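Using full-length UniProt numbering, read the sequence shown as starting at 1 and increasing by one per residue.
Backbone N, C-alpha and C define an ideal beta-carbon position, used for all residues, glycine too.
For clarity, every value in this text was computed on a predicted model and none was experimentally measured.
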Amino acid sequence: MADPSGRRPPHHPAVNDVLSTLANASAALDDVQRRLDLEFRASYPDNANPAKLVARVKRVQEEVAALKELCRDLLTQKQELIDRIHGSLVAQRGTTQRLLAASGLPPLSDADEAAHSSLNQVIDEWNAHVTPITGRLLCLVMLAGAWIHGGSGTRGDSACHACRGGLKERCQPNTLLHDHLVPWECWLVMKRLLRACQ
């Protein structure tokens, strides 16, 4: 039952001992970190300081995670825009063909047909490029879900249905950083970040 006065109830002596031990351990770790920082600064230059390198790697990992989300959102928005524009162009082309036929005018010229075929080819190439990336993202999500919910029995081929459609190689469930699980845009961003930190 809560104290009506709003004061915290006193801790059990054993809890006080645990809190005191944790506080002492935290202070000891802070002292160790401080001593290591001083030793590293005295022993290594700034560009080879292990403590700074670890902090830099952690910062890059956080930035890569954020950039992966941005890349995924940008890819989705770009695909939606392409689909919307393509649908509008197809509808306009059909309307133009019907108007030309109804008015007795000549149909679309060979140059117009060539431009339409070129547009379709570009869109097909884009879709062929994007489909493996979206498949990799889907496969990674499926693998993560299988690992979390299924245990070791679902880490095999049953977790790789997304790879069977368009990917040449199968997932390696025990290798999260396998080549085909990470979008190439994120690898490029990671390389740029690493170069910027050097």
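Exercise. Starting from residue 28 and walking both ways along the alpha helix (DSSP H), at which residues does that stretch end?
Worked result: 13–43
For this session: Give the secondary structure of residue 94 by DSSP, where H, G and I count as helix, E and B as strand, and everything else as coil.
Result: helix
Exercise. Are the beta-carbon atoms belonging to residue 40 and residue 51 less than 7 Å from one another?
Worked result: yes
For this session: Could you have a look at residue 88 and say whether DSSP puts it in helix, strand or coil?
Result: helix
For this session: Please determine if the region 81–97 and the region 112–123 are in contact, where contact requires at least 3 C-beta pairs separated by less than 8 Å.
Result: yes
Problem set entry | Cβ neighbours of residue 16 in the same chain (closer than 7 Å, five flanking residues each side left out) | none
For this session: Pick helix, strand or coil for residue 120, following the three-state DSSP scheme.
Result: helix
Exercise. Can you find at least 3 beta carbon pairs, one from the region 121–131 and one from the region 76–87, that sit closer than 8 Å?
Worked result: yes
For this session: Identify whether residue 50 lies in helix, strand or coil by the three-state DSSP scheme.
Result: helix
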